[in-house]
Amino acid sequence: MCGGCAGAPPDWAAAHVSGVRQRFAVARRVSTALRRDTVRPITSGWIVDGPTGVSVVCRTYDDLVRIVSARSGRPGPEIRDIGLGLAAETTH
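Under the working numbering, the first residue of the sequence shown is numbered 103, with each subsequent residue one higher.
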């Protein structure tokens, strides 16, 4: 049931990724690691959209890092740092 879980799970990165502006900035930064997929912010997380229409909802920052890492082939720690603005934003 959608909405039955009473909100997003706890996120260690909440102080860095909460709020409209921060979620948008994270989405923009991690999108640089992807070739065909796009990341867009939503109220309680992000959606990673693929070129064939497949979408994945990421409710925590770790979920986002895991999905972007898998789809880009880049290591998780690198994606984590890119998303938090700790690494240079480069395309692969």
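Even glycine gets a Cβ: it sits at the ideal position worked out from N, Cα and C.
- According to DSSP, T140 shares a beta bridge with D151.
- In the DSSP assignment, V158 is bridged to V150.
- In the structure shown, G185 adopts helical secondary structure according to DSSP, grouped into three states.
- The closest CA to that of S157, considering only S146, Y163 and I169, is found on I169.
- The C-alpha of Y163 is placed about 6 Å away from the C-alpha of A115.
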